[in-house]
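J.: This is the structure I want to talk about, given as structure tokens.
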Amino acid sequence: MSGPVEGDAALTGDRTVGAVAWAWLTEGQVDGMVAEVPFEPLVYRYALDILPPPDPDQGTSPTPSTLGTDGLALLVGWPILAEPDGDAEIALSVDAEGLVDWVAGDRPDPDGLVTVVGGRLAAGTTEHVLVLLAADDPGVGRLATAPTWEPGTDLCRLDGVVTGLTLYRSAGLGCFGWEPLAPAGTRTEFQGIPMGPVSP
């Protein structure tokens with residue numbers, strides 16, 4: 145994933161850390177973690193290698209946990225850039241419930257979702273997120289078609305999510321409010337995805 149760094153995002157490029165803040169729902173409980181990913185600084189641009197998302201139980205496997213609905217599993221990921229205060233390592237953590245709320249449209253922006261100890265959150269996507277949906281039923285093409293999912297409820301902004309892992313663009317705050325940029329698994333590179341300061 146690559147694109148321009150916009151606004152007043154102050155990045156050194158030599159110490160900048162790329163990461164994805166992940167959140168998942170397990171039987172109605174929200175949890176998450178921040179996983180660092182390879183970052184490449186370019187002139188006024190960035191490039192991130194998105195690694196398989198973590199298993200909520202193991203922290204290493206790409207298999208997500210359950211959504212609290214039989215036969216479905218879902219994770220959402222927010223790509224970010226963090227800048228250390230000095231040469232020391234930084235520690236990143238995510239408000240997973242807040243991340244789910246933002247993706248669902250229940251909060252206006254992602255400001256304050258990631259805490260950086262020993263540095264600051266320099267940039268993040270504001271109109272794009274990663275989503276991984278897994279369904280036990282091979283006939284499920286998108287979340288709204290799953291027999292155990294009820295479209296139009298609190299998480300209806302995710303109704304249009306397709307099975308597999310891909311990048312999504314915001315299409316509004318209503319139902320089907322995230323649209324996939326490509327069918328899952330058909331593209332290995334997304335360019336032109338802007339990042340910028342996340343504070344309003």
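Sequential numbering from 145 applies to the sequence shown in this note's numbering.
In this text, a Cβ means the ideal position worked out from N, Cα and C, and glycines have one as well.
Taking DSSP as the reference, what is the three-state secondary structure of residue 310?
T.: Locating residue 310 in the sequence shown gives position 166, counting from the first residue. In the structure shown, residue 310 sits in a strand (DSSP, three-state: E or B).
J.: Could you have a look at residue 133 and say whether DSSP puts it in helix, strand or coil?
T.: This structure gives no information on residue 133, because the portion of the chain shown stretches from 145 to 344.
J.: CB residue 153 to CB residue 266, shorter than 7 Å?
T.: Counting from one through the sequence shown, the residue named residue 153 turns up at place 9. Counting from one through the sequence shown, the residue named residue 266 turns up at place 122. A contact, by the Cβ cut-off of 7 Å.
J.: According to DSSP, which residues form a beta bridge with residue 177?
T.: As a working note, residue 177 is residue 33 in the sequence shown. Bridge partners of residue 177: 166.
J.: Do residue 290 and residue 307 have their C-beta atoms closer together than 7 Å?
T.: Residue mapping note: residue 290 aligns to position 146 of the sequence shown, counting from 1. Residue mapping note: residue 307 aligns to position 163 of the sequence shown, counting from 1. Taking 7 Å as the Cβ cut-off, residue 290 and residue 307 do not qualify as a contacting pair.
J.: What span of residues does the beta strand (DSSP E) with residue 273 cover, start to end?
T.: Along the sequence shown, read from residue 1 onward, the residue named residue 273 stands at position 129. Residues 272-279.
J.: Give the single residue among 342, 224, 285 whose Cα lies nearest to the Cα of residue 345.
T.: Here the chain covers residues 145 to 344 and nothing more, so residue 345 does not appear.
J.: Under a three-way DSSP split, which group does residue 259 fall into?
T.: Here residue 259 refers to the residue found at position 115 when the sequence shown is read from its first residue. Strand at residue 259.
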